[in-house]
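For the sequence shown, the UniProt record's numbering assigns the number 205 to the last residue and increments by one with no breaks.
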Amino acid sequence: MSPRRSVAEALGTRAAILDRSVAVASVEGLEGLTIGRLAAELGMSKSGVLGHFGSKEALQLAVLERADGIFLAEVWEPAAPAAPGLVRLRVLCEAWISYLERQVFPGGCFFVAAAHEFDGRPGAVRDAVESRFEAWRRRLGKEAGRAVDAGELPAGTDPEQVVFELLGVVMALNHAIQLHGDQRAAARARRAVETRLMPAGERPA
1 MSPRRSVAEA LGTRAAILDR SVAVASVEGL EGLTIGRLAA ELGMSKSGVL GHFGSKEALQ
61 LAVLERADGI FLAEVWEPAA PAAPGLVRLR VLCEAWISYL ERQVFPGGCF FVAAAHEFDG
121 RPGAVRDAVE SRFEAWRRRL GKEAGRAVDA GELPAGTDPE QVVFELLGVV MALNHAIQLH
181 GDQRAAARAR RAVETRLMPA GERPA
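What follows is the structure in structure tokens.
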């Protein structure tokens, strides 16, 4: 076997482990990942699975990274070409709602679930979850700030308040879909976002 083929096969095996791990963790949490279970489901030995990561924590961190890539592809990339400010913020929110509505992750928003699982448990995994939430808040805040600066949102609007409210809408949507199976929740979320992001000139006097 050539070294090039060996490396390619190793990368392919690692990707297969991560894909299955993301699916499992989405429903059962990152603590639901066990080396034995993954080995059995993938037809591998435990040492074969562990050899790609070194520890369960390293696997969890790699799964977070993979889930983050999926989230950004689903939510940020559709919005990136849009005009900065209010237009991009609206496109981003629609992609965000659609991501939950289509249940890209079978267990709902991967990072909301991970935050609930690790918010009170100090360590590298919690830090990784927090850093991703913080990066996302900064991204939303940047677009909200641009919208205020351009006069697209009313003067004096606090971008951080906008971010707080948008996060609240999306977390409520995730809860409504996952816990209640509410088929009307996405429409309600869209109305809430539309109201919050109504352009300055369109707001009622």
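Glycine included, each C-beta is placed from N, C-alpha and C at the ideal position.
Host alpha helix (DSSP H) of residue i (start-end)
{"i": "E143", "result": "A124 to D149"}
{"i": "H52", "result": "Segment: none, H52 is in no alpha helix (DSSP H) and carries neither H nor E."}
{"i": "T34", "result": "Looking at the DSSP string, T34 is not in any alpha helix (DSSP H), and its letter there is neither H nor E."}
{"i": "R190", "result": "A185 to R196"}
{"i": "E165", "result": "P159 to H180"}
Neighbourhood of residue i by C-beta distance below 7 Å, restricted to the same chain and skipping five residues each side
{"i": "A115", "result": "V129 and F133"}
{"i": "E117", "result": "G29, L30 and E31"}
{"i": "A15", "result": "none"}
{"i": "S21", "result": "L33, L38, L59 and V63"}
{"i": "L18", "result": "A62, V63 and R66"}
{"i": "A8", "result": "none"}
{"i": "A205", "result": "For A205, the predicted structure reports a pLDDT of 42, less than 50, and the residue's modelled location is therefore unreliable. A value from the coordinates is still provided. No residues qualify anywhere along the chain."}
{"i": "L50", "result": "I35"}
Residues near residue i in its chain [Cβ-Cβ closer than 6 Å; skip 5 each side]
{"i": "Y99", "result": "E74 and V75"}
{"i": "P199", "result": "E152"}
{"i": "P154", "result": "A200"}
{"i": "A189", "result": "I97, V169 and L173"}
Integer Cβ distance of residue i from residue j, believed to fall under 8 Å
{"i": "F173", "j": "A186", "result": "Checking the sequence shown, residue 173 turns out to be Leu, not Phe. Yes, they are in contact, since the Cβ atoms of L173 and A186 sit about 7 Å apart, within 8 Å."}
{"i": "A147", "j": "L92", "result": "Actually they do not touch by this definition, with Cβ atoms about 11 Å apart."}
{"i": "K46", "j": "G36", "result": "6 Å"}
Own chain partners of residue i with C-beta closer than 8 Å, once the 5 adjacent residues on each side are dropped
{"i": "V27", "result": "P106 and G107"}
Whole runs of the alpha helix (DSSP H) within the stretch 75-116, excluding any shorter than 4 residues | List check, alpha helix (DSSP H) in window: 86-101.
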